[in-house]
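Heads up, the numbering used here is the position in the sequence shown plus 14, with the first residue counted as 1. We treat Cβ as the ideally placed atom computed from N, Cα and C, and that holds for glycine. Comments concern the structure below.
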Amino acid sequence: MKKGGIAGVLLTVNHITHRVMLLIAQISILAMIAIVTLTVILRYCFNTGLSWAEEVPRLLVTVFAFIACAIGVRDHMHVAVNAIYNRFPAGGTARRAMDIAVDVVTLLCGLFMLISGGQRTMKLFSLPGSLPITGISTAWQYLPIPVAGFVMTFDSLLFLLGIVPRDDLLYSEPEIDFTDEAAVEALRKGGEAK
């Protein structure tokens with residue numbers, strides 16, 4: 015999809031932001047796996063271990079979890095109960111209103127994470143507390159919260175403004191909900207038209 019002007023720039027920034035977020039998530043999970051595997055090998059084969067092998071994976075799992083949350087928002091992979099949603103016609107006004115409501119709630123959650131997580135992180139960076147083994151500031155544990163909040167807020171705004179359409183998927187492929195009779199019927203009609 016080609017868009018010009020500021021919408022095109024925002025769409026490009028969105029895609030680049032998510033490439034960076036995905037890269038950080040991949041590095042985090044690979045580092046976690048490597049550290050935990052190394053720790054198990056050292057502990058059970060050589061009867062030794064790494065002093066920092068508990069703190070660092072705990073930091074990395076926080077990074078991974080919050081980035082995965084932001085990634086899930088981008089492709090609408092969050093948990094949803096569609097019992098009421100599926101009762102309305104596919105592409106209808108009621109479904110559109112519910113999609114907007116979901117984006118607004120996601121925007122509010124993202125803003126909450128951005129603001130409250132950002133305040134807590136800034137406060138912790140100003141305090142002398144650090145993790146006992148690595149000496150890393152405790153603020154680093156909380157930094158993924160405002161980062162994920164920013165990305166969730168950014169994505170929600172782009173969905174609400176219509177800059178990013180709901181079918182612009184970066185991480186997943188379109189799914190068919192076979193419990194959604196209206197969508198299955200629309201798919202069937204689309205297949206017959208071809």
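Looking only at C-alpha atoms, which of R134, T148 and A84 sits nearest to D117?
One-based indexing of the sequence shown puts residue 117 at position 103. The shortest C-alpha separation from D117 is found at A84.
When V93, T31 and R72 are compared against A10, the one with the closest alpha-carbon:
Beyond the ends of the chain as shown, which are 15 and 208, falls residue 10; an answer cannot be given.
Pick out whichever of E68, F164, H90 and G106 has its Cα sitting closest to the Cα of E189.
Mapped onto the sequence shown, residue 189 falls at position 175. Here the closest residue by C-alpha is H90.
Within its chain, find whatever has a CB closer than 7 Å to the CB of P158; leave out the 5 residues flanking it on each side and keep chain order.
What you label residue 158 is simply residue 144 of the sequence shown in a count that begins at 1. Around P158: T76, V77, F80 and I81.
Straight-line Cα distance separating G105 from I47
Position 33 of the sequence shown, counting from 1, holds the residue named residue 47. Position 91 of the sequence shown, counting from 1, holds the residue named residue 105. For the pair I47 and G105, the Cα-to-Cα distance works out to about 43 Å.
Round the Cβ separation of F151 and F139 to the nearest angstrom and send it over; I've been treating them as touching at under 8 Å.
Here the question's residue 151 lines up with position 137 in the sequence shown. Here the question's residue 139 lines up with position 125 in the sequence shown. A quick correction: the sequence has Ser, not Phe, at residue 151. Between S151 and F139 a beta carbon distance of about 6 Å is seen, short of the 8 Å cut, so the two are scored as contacting.
Going by beta-carbon coordinates alone, are E199 and N100 separated by less than 8 Å?
Locating residue 199 in the sequence shown gives position 185, where the first residue counts as 1. Locating residue 100 in the sequence shown gives position 86, where the first residue counts as 1. No, the Cβ-Cβ distance between E199 and N100 is not below 8 Å.
Taking the continuous alpha helix (DSSP H) assigned at R134, which residues delimit it?
As a working mapping, residue 134 is identified with position 120 in the sequence shown. Note, R134: alpha helix (DSSP H), T107 to S140.
Going by beta-carbon coordinates alone, are T31 and V165 separated by less than 8 Å?
Along the sequence shown, one-based indexing puts residue 31 at 17. Along the sequence shown, one-based indexing puts residue 165 at 151. Contact: yes.
Okay, do the region 174-186 and the region 108-123 touch, 3+ Cβ pairs below 8 Å being the bar?
At 8 Å Cβ cutoff, the stretches touch.
Using DSSP bridges, identify the partner residues of S144.
Taking the first residue of the sequence shown as 1, we reach residue 144 at position 130. S151, per the DSSP bridge assignment.
Report whether the distance from the Cβ of E68 to the nearest heavy atom of the ligand COA is below 7 Å.
As presented, the structure is devoid of all ligands, the ligand COA included, so that no description of it is given.
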